[in-house]
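Q: The following block contains the structure, expressed as structure tokens.
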Amino acid sequence: MLDPDQIERVLVVMAHPDDVDFGSAGTMANLVEHGVHVTYCLVTDGDAGGSDRTISRSEMAAIRRREQTAAAHVVGVKDLVFLGHPDGRVQNTLELRRDISRVIREVRPQVVVCQSPERNLDRIFASHPDHLAAGEAAMCAVYPDARNPFAHPELLEAGLEPWSVVEIWLSGHSQSMDAVDVTDQVDRKFEALLCHLSQHTDPAGMQVRVREWMRRTAEVLGLPEGRYVEAFRVVNAG
Ligand SMILES: [Zn+2]
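7 is the number of the first residue of the sequence shown in the working numbering; add one for each residue after it.
Okay, here's the thing in structure tokens:
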């Protein structure tokens, strides 16, 4: 796993608003503190989220863009790209691969953080079908699309030169062995998570569950008592 001082730019590609805050917001806060420029790319607006049937889906999309933007600001992330694919129907299409490749060529990150394309049989909520599809599309965009000048030729025609990402950090993978100690960032992670007001029916219970999950991950990966981590499966793409 690259150290923060080996990284200039990170691109996070996630299926829904709030995904990054559950799995990676502490890590992003840590990277921003080290001077790394972080950009979020959201595949959908999360318009199928929440359970209030009186809110129209277009209204929900607008709410969730606002919530994700506020959550990003809490951890120091100012650049967000919303691709606007429909929530609940994400597929690994050539169109989605092209859209993510475009953002990779624009941002030129050393690291792409995305969701595991492999189903995690230990945690069904990590493996929402949109997460699997978005993760697979992001990996296809890293290799080969973004670095191949002949993939999606309209990108080169638009002046976007090929770009090779060095590492992929998968979130939600069953073999996440690379831990980022986010104990010092954990309060801001929860502040970011709580920005997603439309999604929390039990914010206190959510915090207890996420905190316990981060503590247990730290324990499993051999960190000292009282530490909190976010863990990733690192894929070498360089
Ligand atoms: Zn999600």
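Even for Gly, the Cβ is constructed at its ideal location relative to N, Cα and C.
Mind listing, in chain order, the continuous beta strand (DSSP E) runs of no fewer than 3 residues lying wholly within the region 178-217?
A: Those beta strand (DSSP E) runs which fall completely within the region 178-217 and span 3+ residues are 184-187.
Q: Going by DSSP, what residue range makes up the beta strand (DSSP E) through residue 240?
A: On the sequence shown, residue 240 is found 234 positions in, with the first residue counted as 1. It spans 235-242 - the beta strand (DSSP E) in which residue 240 sits, taken as one unbroken run.
Q: Identify which residue in 230, 232, 10 has its Cα closest to the Cα of residue 115.
A: In the sequence shown, the residue the question calls residue 115 occupies position 109. Checking every option, the nearest Cα to that of residue 115 belongs to 10.
Q: For residue 245, which residues in the same chain have their Cβ closer than 8 Å to its Cβ, ignoring the five residues on either side in sequence?
A: Absent from the structure is residue 245, since the part of the chain shown begins at 7 and ends at 244.
Q: Taking residue 200 as the reference, give the member of 217, 232, 24 with the closest Cα.
A: The residue labelled residue 200 in the question sits at position 194 within the sequence shown. Closest by alpha carbon: 24.
Q: Are residue 35 and residue 194 closer than 8 Å when you measure CB to CB?
A: The count along the sequence shown starts at 1 and reaches residue 35 at position 29. The count along the sequence shown starts at 1 and reaches residue 194 at position 188. For residue 35 and residue 194, yes; Cβs fall inside 8 Å.
Q: Please name the residue or residues paired with residue 116 in a DSSP beta bridge.
A: Indexing the sequence shown from 1 puts residue 116 at position 110. Paired residue(s): none; residue 116 is not in a bridge.
Q: Quick check on DSSP: helix, strand or coil for residue 156?
A: Numbered from 1 along the sequence shown, position 150 holds the residue referred to as residue 156. Three-state result, residue 156: coil.
Q: Would you kindly check if the distance between the Cβ of residue 234 and the Cβ of residue 243 is under 8 Å?
A: Looking up residue 243 in the sequence shown gives position 237. Looking up residue 234 in the sequence shown gives position 228. No. Outside cutoff.
Q: Using the three-state DSSP reduction, which class does residue 24 fall into: helix, strand or coil?
A: Reading the sequence shown from its first residue, position 18 is the one you call residue 24. Correct three-state label for residue 24: coil.
Q: For residue 182, collect the residues of the same chain with a Cβ closer than 8 Å to its Cβ; drop the 5 residues on either side in sequence, then sort them by chain order.
A: Mapped onto the sequence shown, residue 182 falls at position 176. Excluding sequence neighbours, residue 182 sits near 176, 223, 237, 238, 239.
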